[in-house]
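Take a look at the structure below.
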DNA sequence: TTTAAAAGCGATATGGTTGTCTTTTATGCG
DNA sequence: CGCATAAAAGACAACCATATCGCTTTTAAA
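Here it is in structure tokens:
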């Protein structure tokens with residue numbers, strides 16, 4: 305975290321891949337268990353569980369405890385823009401505050417990188433606001449599963 | 305480093321501000337000490353020292369030990385693109401490897417975000433390759449000093 | 001009503017970045 | 001040469017994101 309790193313946090317990656325996986329393998333109503341998701345994505349189970357949990361709390365997925373429980377998609381899942389997931393895992397600070405983390409930085413007293421980064425930053429924000437989970441599911445499903453499974 | 309966080313690492317921020325400060329306050333040949341830089345930028349002295357050290361090793365600044373020693377600019381300082389500093393502090397991996405850190409991701413087997421991010425990522429890389437320290441020094445110097453000092 | 005399966009949750013480890021402190025090395029000056 | 005000064009270098013501490021573990025809660029099914 306910690307950078308205009310051109311990476312996403314692991315949390316975000318896990319959340320995104322988790323949601324995509326659930327959306328891919330379960331039809332409306334069906335459930336998938338964290339054990340299966342974690343195994344398929346080759347991701348730490350408990351850590352993934354916590355992240356999925358937050359995704360559920362925000363309403364992007366459903367979950368049920370108990371036997372035959374698990375995670376399932378709901379009405380919001382497919383239409384959720386990526387920015388919603390990013391907000392859950394990483395927060396929105398990154399789009400608001402100074403890229404050098406200088407508190408005084410603003411339009412009138414910009415840091416040396418302020419205007420240089422503004423365009424890139426807004427482009428990314430736009431991208432993530434308009435792209436939904438459904439958009440990511442448009443490509444060939446077999447390829448998609450393969451691309452998010454393992455590493 | 306760990307995210308398409310819209311932030312830079314502290315190391316990069318310190319390096320950039322340090323170089324700008326040296327370039328601003330010392331004419332060709334003059335020297336500034338780490339104590340002064342750290343004080344003005346309100347940044348941990350020893351940590352800054354180490355980063356400046358690497359910047360010197362890469363040839364972007366000069367340094368001399370001993371009395372009247374300190375850091376000074378050289379022929380390369382002003383013409384260095386920002387990407388050179390970023391390579392020193394954060395490395396270039398962030399522009400090369402998958403944004404979700406999936407090793408298998410490539411043009412033929414792209415991860416769900418591959419093409420979505422490609423444009424943003426390349427734009428940023430271009431920006432950082434063409435913008436030099438000199439470019440950042442073009443604005444009003446008093447404003448500039450103020451913007452990098454404190455936080 | 002009991003049992004077992006599955007998510008939820010808090011406490012604890014791990015690793016990399018950031019930050020501090022001390023010692024070493026180089027340099028200018030008397 | 002020897003001393004004072006400042007960067008360089010290395011050892012160690014703090015912190016945060018990531019990861020793990022064990023226990024609790026919920027719930028379907030027998």
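Protein chains in written order, with my numbering: chain U, 305 to 455; chain F, 305 to 455. Backbone N, C-alpha and C fix where the C-beta goes; we use that ideal spot for every residue, glycine too. Keep in mind the model is a prediction, meaning the values are calculated, not measured.
Query: Spatial distance of residue 368(U) from residue 335(U) (CA atoms); Result: 8 Å
Query: Cβ distance (whole Å) where residue 352(F) is taken to contact residue 341(F) below 8 Å; Result: 6 Å
Query: Residues of the region 383-407 of chain U whose Cβ lies closer than 7 Å to any Cβ of chain F, in chain order; Result: 394, 398, 399, 403, 404, 405, 406, 407
Query: Distance, residue 434(F) Cα to residue 385(F) Cα; Result: 6 Å
Query: Straight-line gap, residue 344(U) to residue 323(U) (C-alpha atoms, nearest Å); Result: 13 Å
Query: Identified DSSP bridge partners for residue 375(U); Result: 336(U), 367(U)
Query: Three or more C-beta pairs below 8 Å linking the region 428-443 of chain F and the region 378-396 of chain F; Result: yes
Query: Per-residue contacts from residue 414(U) into chain F (C-beta, under 8 Å); Result: 451
Query: Residue 346(F) beta carbon less than 7 Å from that of residue 454(F); Result: yes
Query: Among 376(U), 427(U), 418(U), 372(U), nearest to residue 361(U) - alpha-carbon criterion; Result: 376(U)
Query: Span of the alpha helix (DSSP H), counted from its first residue to its last, around residue 444(F); Result: Segment: none, residue 444(F) is in no alpha helix (DSSP H) and carries neither H nor E.
Query: Residue nearest to residue 370(F) in terms of C-alpha spacing, selected from 444(F), 338(F), 417(F), 393(F); Result: 338(F)
Query: Same chain only: Cβ atoms within 7 Å of residue 449(F), ignoring 5 sequence neighbours per side; Result: 328
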